[in-house]
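Asker:
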Amino acid sequence: MSQISKNIELIQQRITDATKKAKRNPEQIHLLAVSKTKPVEAIEEAYRFGIINFGENYLQEALQKQALLKPLSLTWHFIGPIQSNKTKDIAENFTWVHTVDRLKIAERLSRQRPLDLPPLQICLQVNISAEETKSGCLPDETIMLAKTISSLPNLELRGLMAIPQPTDDIRLQHEGFAKLRQLKETINEQLGLSMDTLSMGMSQDLEPAIIEGATWVRVGSAIFGERNYKV
Ligand SMILES: *Cc1c(COP(=O)(O)O)cnc(C)c1O
93 MSQISKNIEL
103 IQQRITDATK
113 KAKRNPEQIH
123 LLAVSKTKPV
133 EAIEEAYRFG
143 IINFGENYLQ
153 EALQKQALLK
163 PLSLTWHFIG
173 PIQSNKTKDI
183 AENFTWVHTV
193 DRLKIAERLS
203 RQRPLDLPPL
213 QICLQVNISA
223 EETKSGCLPD
233 ETIMLAKTIS
243 SLPNLELRGL
253 MAIPQPTDDI
263 RLQHEGFAKL
273 RQLKETINEQ
283 LGLSMDTLSM
293 GMSQDLEPAI
303 IEGATWVRVG
313 SAIFGERNYK
323 V
């Protein structure tokens with residue numbers, strides 16, 4: 093068995109164990125394989141072992157891989173920072189975008205989403221630890237943003253995404269994820285929305301994320317191995 097297939101088995105076991113511990117329905121938890129910086133051969137290998145959802149951070153790299161892998165009908169998720177001059181290609185070539193953090197980007201994605209495709213599936217990225225350097229809207233701004241974005245055509249606002257500040261303290265890991273879940277619940281109540289998605293948890297912290305309600309875990313290095321350059 094290849095290393096990638098062994099890694100996928102290990103991750104699926106970790107997801108299953110966390111799901112049991114959380115007493116959650118396994119159907120609610122989806123695995124997004126983050127393939128940034130990895131070659132198409134690695135994606136093909138993961139696909140052979142049942143993975144169809146792939147996350148990419150860099151548009152040019154993603155478009156090249158999509159062209160080469162077209163026959164596989166994979167589902168592509170954009171999970172990187174978004175500049176306005178990239179929205180057209182993102183709107184045309186992805187099923188999901190996890191990293192919308194301002195209205196201007198959402199408006200452009202909505203306008204540029206081809207009408208023959210289903211609505212683009214959107215998560216708002218929240219800067220849940222309120223770090224100055226990181227992208228994402230502030231928790232306090234999220235409700236207004238959700239309100240406006242939920243009324244745009246051609247987008248479906250599915251939920252919230254966050255990358256909490258990395259920490260080895262398991263209690264702090266839980267705290268960040270729990271904050272995101274509470275924010276989603278508050279927004280649903282106050283706006284009468286039914287967002288069903290929490291995109292949270294990566295290779296190092298998917299267990300606390302699942303226990304706190306993650307519906308997508310975004311896993312890169314634990315499937316494909318360490319990346320050669322940091323992002
Ligand atoms: C790179 C990346 C991941 C995957 O991180 P790993 O630690 O390699 O699992 C998940 N989410 C986002 C937004 C990323 O940029």
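Under the working numbering, the very last position in the sequence shown is 323; numbers go up by exactly one each time. Ideal Cβ placement from N, Cα and C applies to all residues, glycine included. Quick caveat: nothing in here was measured; it's all calculated off a predicted structure.
#1: Kindly identify the DSSP beta-bridge partner or partners of V189.
#2: Should E318 be labelled buried (16 or more other beta-carbon atoms within 10 Å of its own) or exposed?
#3: Start and end of the beta strand (DSSP E) containing M236?
#4: With which residues is M253 paired in a DSSP beta bridge?
#5: Anyone know if the C-beta pair for S94 and E137 falls short of 8 angstroms?
#6: For ligand 1, I want to know if S313 counts as a neighbour, meaning its beta carbon is within less than 7 angstroms of at least one of the ligand's heavy atoms.
#7: Hey, would you say L212 sits closer than 8 angstroms to A238, going by beta carbons?
#8: Just grab the DSSP bridge partners of H122 for me.
#9: What does DSSP give as the partner residue(s) for F146 in the beta ladder?
Answerer: Taking the coordinates as given:
#1: Here residue 189 is taken as the residue at index 97 of the sequence shown, counted from 1. Answer by DSSP bridge pairing, in chain order: F170 and I214.
#2: Within the sequence shown, residue 318 is the residue found at index 226, counting from 1. Exposed is the call here.
#3: Here residue 236 corresponds to residue number 144 of the sequence shown, with the count starting at 1. No beta strand (DSSP E) holds M236; the alpha helix (DSSP H) holding it covers P231 to I241.
#4: Taking the first residue of the sequence shown as 1, we reach residue 253 at position 161. Answer is Q217 and S291.
#5: One-based indexing of the sequence shown puts residue 94 at position 2. One-based indexing of the sequence shown puts residue 137 at position 45. Taking 8 angstroms as the Cβ cut-off, S94 and E137 qualify as a contacting pair.
#6: Taking the sequence shown and counting its residues from 1, the one referred to as residue 313 is at position 221. Checking every heavy atom of ligand 1 against the Cβ of S313, one is found closer than 7 angstroms.
#7: Sequence index remark: in the sequence shown, residue 212 carries index 120 (1-based). Sequence index remark: in the sequence shown, residue 238 carries index 146 (1-based). No, Cβ-Cβ distance for L212 and A238 is not below 8 angstroms.
#8: Working through the sequence shown from its first residue, we reach residue 122 at position 30. Partner(s): W308.
#9: For the purposes of this step, residue 146 is identified with residue 54 of the sequence shown, where counting begins at 1. BP columns for F146 point to A125 and W168.
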